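Structure, as structure tokens:
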Amino acid sequence: IDELLTEGVAGKRVFVRADLNVPLDGTRITDDGRIRAVLPTVKALADAGARVVVASHLGRPKGAPDPDFSLAPAAARLGELLGSDVAFATDTVGESARSVVAGLADGQVAVIENLRFNAGETSKDDAERGAFADRLAALADVYVGDGFGAVHRKHASVYDLPARLPHAAGYLIAGEVAVLKKLTEDVKRPYAVALGGAKVSDKLAVIDQLLGRADRILIGGGMAYTFLKAQGYEVGKSLLQEDQIPAVQEYIERAEKTGVELVLPVDALTATEFPDLKTKAPANPTTVAADAIPADQMGLDIGPESCKLYASKLADAATVFWNGPMGVFEHPDYAEGTKAVAQALVESKGFTVVGGGDSAAAVRILGFDETAFGHISTGGGASLEYLEGKTLPGLAALED
Ligand code: 3PG
110 IDELLTEGVA GKRVFVRADL NVPLDGTRIT DDGRIRAVLP TVKALADAGA RVVVASHLGR
170 PKGAPDPDFS LAPAAARLGE LLGSDVAFAT DTVGESARSV VAGLADGQVA VIENLRFNAG
230 ETSKDDAERG AFADRLAALA DVYVGDGFGA VHRKHASVYD LPARLPHAAG YLIAGEVAVL
290 KKLTEDVKRP YAVALGGAKV SDKLAVIDQL LGRADRILIG GGMAYTFLKA QGYEVGKSLL
350 QEDQIPAVQE YIERAEKTGV ELVLPVDALT ATEFPDLKTK APANPTTVAA DAIPADQMGL
410 DIGPESCKLY ASKLADAATV FWNGPMGVFE HPDYAEGTKA VAQALVESKG FTVVGGGDSA
470 AAVRILGFDE TAFGHISTGG GASLEYLEGK TLPGLAALED
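The following block contains the structure:
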């Protein structure tokens with residue numbers, strides 16, 4: 110983007126593909142981290158006199174307009190953060206978008222409606238995606254890719270559109286890639302990784318890569334119970350992906366052979382039912398040993414001994430990557446495991462990276478000071494796929 114700014118963007122229509130996919134409670138944004146993350150790029154372009162057209166997806170609407178997934182609240186928040194009026198187009202490539210963009214003055218910013226309101230955005234059909242990209246291209250002279258959270262998606266605005274316009278990477282993408290490079294090339298050791306979240310299946314590919322790279326892998330969250338079961342323990346009513354047990358067993362064996370320390374919970378906080386996340390009514394958690402979860406109980410967080418163990422395993426690491434909550438942190442009774450890991454990163458003297466999505470939201474929602482972390486990624490799936498060594502369509506499209 111610096112090159113682009115040097116060449117000059119005054120009067121040019123610059124399409125910024127951002128990731129404004131923020132969590133919403135109705136129309137209230139509960140975490141605006143992703144909007145704040147794209148501000149440097151949007152500000153720099155506006156300050157240089159560009160006519161900035163910001164676009165993003167939000168949620169997973171079904172390829173047609175759906176008021177529950179409108180970007181209007183994100184556009185309003187962007188305006189507040191910029192301290193200037195942000196115009197909003199109520200469609201993506203229709204009459205509203207065309208007239209809003211045509212009405213932009215130099216240095217002004219507009220947001221167009223959710224890109225996924227058009228089926229062409231996410232289509233698997235190249236021609237359909239291309240046709241939508243053509244219509245998006247008509248709105249702009251230049252493309253800046255800065256939606257790091259979506260670079261793993263082969264979508265029209267991420268992959269096809271940059272091929273149609275002069276393009277550059279924004280500050281957010283450049284910063285994210287620089288950090289992730291540190292984790293893949295020349296990582297400082299010991300390198301510890303804490304992985305949580307609900308499903309093992311989402312993390313298999315990254316565990317596969319990390320078994321050749323990390324010194325320690327700490328497993329928490331819902332996926333820990335498939336690991337415990339794979340070791341022959343009873344997990345009661347806990348979340349379990351039976352079909353993943355053979356893969357997990359293979360990883361456990363590979364970790365032993367390669368000398369990677371695989372750390373599993375030694376205790377768990379349980380309940381007989383899933384807690385009410387709306388009322389947050391007290392759930393009266395029970396602490397049980399991780400190798401003997403009673404048949405009528407489900408594990409909902411790592412227990413206090415596991416918290417101590419995980420903190421100790423992270424304490425002396427020179428590099429820490431964390432992705433995925435350790436428990437159902439949205440309920441105060443099951444937030445301690447996630448807090449313990451976040452706190453261990455805060456206290457670490459090493460380089461710490463929080464890998465996007467739920468863990469980034471957890472850090473903010475649980476009240477941690479964001480500046481105490483080395484880096485908080487805006488991409489959950491994107492940062493994992495980067496670490497898996499995959500080619501990310503949204504980065505590949507910007508590379509030439
Ligand atoms: C994310 O939240 O990880 C990104 O915004 C991508 O969203 P998606 O998983 O719906 O493509």
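So for the sequence shown, the numbering used here puts the first residue at 110; every next one is plus one.
For every residue, glycine included, the Cβ atom is placed at its ideal position computed from N, Cα and C.
Nothing here was measured: the structure is a model prediction, and the numbers come from that model.
Could you check which residue in the options has the C-alpha nearest to that of residue i?
i      : options                           : result
Glu116 : Leu245, Ser310, Pro275 and Pro149 : Pro275
Pro391 : Lys263, Phe383 and Val397         : Phe383
Pro502 : Leu154, Lys290, Asp250 and Ala265 : Ala265
Gly465 : Ile485, Lys458 and Ala481         : Ile485
Val302 : Gly329, Ala377, Ala236 and Lys308 : Gly329
Arg273 : Ala146, Asn393 and Gly254         : Gly254
Cys416 : Pro403, Ala453 and Lys366         : Ala453
Gln217 : Gly120, Gly306 and Leu304         : Gly120
Tyr342 : Pro374, Glu189 and Leu245         : Pro374
Ala420 : Lys458, Lys346, Asp200 and Ala206 : Lys458
Ala181 : Arg160, Leu191 and Asn223         : Asn223
Gly368 : Asp478, Leu319, Lys338 and Asp425 : Leu319
Arg527 : Leu133, Ser179, Glu294 and Val209 : For residue 527 there is no data in the structure shown, the boundaries of the chain being 110 and 509.
Asn432 : Leu327, Gly305 and Ala449         : Gly305
Ala323 : Ala364, Glu285, Gln350 and Tyr334 : Ala364
Lys312 : Lys297, Ile411, Leu281 and Tyr360 : Tyr360
Leu504 : Gly192, Asp478 and Ala259         : Ala259
Arg325 : Lys366, Ala307, Pro355 and Leu371 : Leu371
Leu496 : His261, Ile110, Ala356 and Phe226 : His261
Asp128 : Val151, Lys290, Lys308 and Ala426 : Val151
Met435 : Thr447, Pro441 and Ala426         : Thr447
Asp156 : Gly135, Thr199 and Asp111         : Asp111
Based on the DSSP output, what are the partners of residue i in its beta bridges?
i      : result
His484 : Val462
Met435 : BP columns for Met435 are empty, so no partner.
His276 : Tyr252
Tyr300 : Thr428
Ala219 : Val162 and Ala196
Arg137 : Asp134
Phe124 : Val162 and Tyr252
Arg225 : Answer by DSSP bridge pairing: none, since Arg225 is not bridged.
Phe343 : In the sequence under discussion, the amino acid at residue 343 is Glu, which differs from the Phe named in the question. Glu343 pairs with Ala401.
How many Å lie between residue i and residue j at the Cα?
i      : j      : result
Ala240 : Tyr268 : 13 angstroms
Asp141 : Arg186 : 8 angstroms
Asp194 : Leu114 : 22 angstroms
Thr480 : Met332 : 29 angstroms
Thr437 : Pro394 : The residue asked about is misnamed: residue 437 is Val in this sequence, not Thr. Going by the C-alpha atoms only, they are around 12 angstroms apart.
Thr428 : Thr461 : 6 angstroms
Asp235 : Asp243 : 12 angstroms
Ala277 : Leu386 : 42 angstroms
Ala211 : Arg137 : 30 angstroms
Thr201 : Ala506 : 21 angstroms
Val220 : Val162 : 6 angstroms
Ala424 : Asp175 : 46 angstroms
Pro413 : Lys263 : 42 angstroms
Val131 : Gly279 : 19 angstroms
Ala283 : Ala380 : 44 angstroms
Gln406 : Ala449 : 23 angstroms
Leu292 : Tyr443 : 30 angstroms
Ile402 : Ala228 : 45 angstroms
I need the residues with a C-beta less than 6 angstroms from some heavy atom of ligand 2; please give them in chain order. Ligands displayed in this structure: ligand 1; ligand 2 is not among them.
Please list the segments of the beta strand (DSSP E) lying wholly inside the stretch 365–418, counting only runs of 3 or more residues, in order along the chain. 370–372, 376–380, 395–398 and 407–411
Which residue spans inside the stretch 155–216 form an unbroken beta strand (DSSP E) run of at least 3? 160–164 and 195–198
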